[in-house]
Structure formats: structure tokens, C-alpha cells
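Chemist: Numbering (our numbering), first residue to last: 1 to 139. Note that beta-carbon positions come from the ideal geometry of N, C-alpha and C, so glycine has one too. In this text the structure is predicted, and so the values were computed from the model without any measurement. Sharing a structure here in C-alpha cells format.
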Amino acid sequence: MEGRSPMVNQDHLEVYGGIDTHADTHHVAAIDATGRRLADVQVPATAAGYQAALRFLRSWPGLVKVGIECTGSYGAGVSRAMQVAGIAVSEVNRPNRFDRRIRGKSDPFDAYSAAEAVLSGRASAAPKGGDGLVVAGPR
């Protein structure tokens, strides 16, 4: 995994995750309850990548919830993996277009935005069930 920031005292942090999903890779980010960016990492959009994302997010004992984009398509597999592991998941809409224009589009930005949406309560919808016609899963 790449992209990890310097070590932070993780023992008593309340942490929120965000995942920006794509066909081949997912970008995973973690923030604390004040919105401080802790670390981010890119993982493959495969079953092994979902487990890497899970290990990354679980490296903070205080993980509360994860916001995932596109839980009914590109994010379906990682969403299921998180839920099976007992992690609360929310569906996240794409980041605000105005913010993306100002800061520029990047996968880390979108992943952190997903985590911030969960922290703020903007992302509170249940993830898609994965039982419809359009579902992407592990490869």
C-alpha cells in the first residue's frame, strides 16, 4: 500500500473512511472526527484489493463508518466486503462539482470527500443492496 502519512496516535481516534471507486482501482482515505486527513491509499478493484482496503481502514481501532461511491456498480464489491466485516457503510454521491473545479479532480480528493460526507452526515443513505441487474463484484 502506498500513500500512508506519518504515524498518528490511533488509540482513541474516531475515524471515518471514504472510498472513490473505479473499474480497475479504488482510492481509500481516512479522516478523524475533526476532519483531519490521516492517510490514503490506492488498492486494486479486486477481492484482494477489498481486503487491503479493509486492513488499511481497520488500522484505526476507532473506525466508525465508511462512505463509498457507486455501491450499486463499481463500489458493490468493496461495499459488500466492508459490510461482511461488520463495518457500517453509507452510499456517497459524487463530490460537489464546485469544490472539484476549485481544487481539481483527483482520486485522493474524491476519497477524502466521501469520508467528509459521512462525518458531516451528508452521506447517510444505505448502500445499494447489490441484488439488482447491475452489480459489479470481485474479479
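Check the DSSP bridge columns for L63 and list the partner residues they point to.
Modeler: V15
Chemist: Excluding the 5 residues preceding and the 5 following L54 in the sequence, name in chain order all residues of the same chain whose CB lies nearer than 8 Å to its CB.
Modeler: A81, M82, A85, I87
Chemist: Go ahead and pull the three-state DSSP assignment for R80.
Modeler: helix
Chemist: Among A52, V89, G49, which residue has its Cα nearest to the Cα of I148?
Modeler: The question about residue 148 has no answer, for the chain in this structure spans 1 to 139.
Chemist: Please name the residue, chosen from H12, D20, V15, that lies closest to K105 on a Cα-to-Cα basis.
Modeler: D20
Chemist: Would V92 and G35 qualify as a contact pair, given that the criterion is a beta-carbon distance under 9 Å?
Modeler: no
Chemist: Taking its Cβ as the centre, do 16 or more other Cβ atoms sit within 10 Å of A23, making it buried, or is it exposed?
Modeler: exposed
Chemist: How many Å lie between Y16 and V64 at the Cα?
Modeler: 6 Å
Chemist: Give the range of the alpha helix (DSSP H) segment to which R55 is assigned.
Modeler: 47-58
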